[in-house]
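Q:
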Amino acid sequence: MSNIRDELVNVAFQRTFALTDYYNNDLDKRHEFRKKTIFADESLTNDEKSKAIEILIKEYKSSTS
Numbered sequence: 011m012s013n014i015r016d017e018l019v020n021v022a023f024q025r026t027f028a029l030t031d032y033y034n035n036d037l038d039k040r041h042e043f044r045k046k047t048i049f050a051d052e053s054l055t056n057d058e059k060s061k062a063i064e065i066l067i068k069e070y071k072s073s074t075s
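What follows is the structure, given as structure tokens:
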């Protein structure tokens, strides 16, 4: 069982939105950029990255429905 640092996961999730180029109107490209940003974050463990991606996917699905 891993120890997921929820605060760090939330900060990483919020950082992806701060780094997003909003001039790009393509939601799919923004979503892919955000996923890549989370995967590249060396401060997160693999479990924390998975948790952040789960949150990101939920956010993406809610914005496309």
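The opening residue of the sequence shown carries number 11 in the working numbering; numbering runs sequentially from there. Cβ atoms here follow ideal geometry from the backbone N, Cα and C, with glycine treated the same way.
Let me know if L54 comes out buried or exposed under the rule of 16 or more other beta-carbons within 10 Å of its beta-carbon.
A: L54 should be labelled buried.
Q: Rounded C-beta distance between F23 and I65? I'm assuming under 8 Å.
A: Yes, they are in contact, since the Cβ atoms of F23 and I65 sit about 5 Å apart, within 8 Å.
Q: Quick check on the burial criterion: 16 or more other C-beta atoms within 10 angstroms. Buried or exposed for K71?
A: It is exposed - the Cβ of K71 has fewer than 16 other Cβ atoms within 10 Å.
Q: Would I14 and D51 be called neighbours here (beta carbons separated by less than 7 Å)?
A: It is not a contact, given that the beta carbons lie outside the stated cut-off.
Q: Look up T74 in the DSSP assignment and say whether it is helix, strand or coil.
A: Helix.
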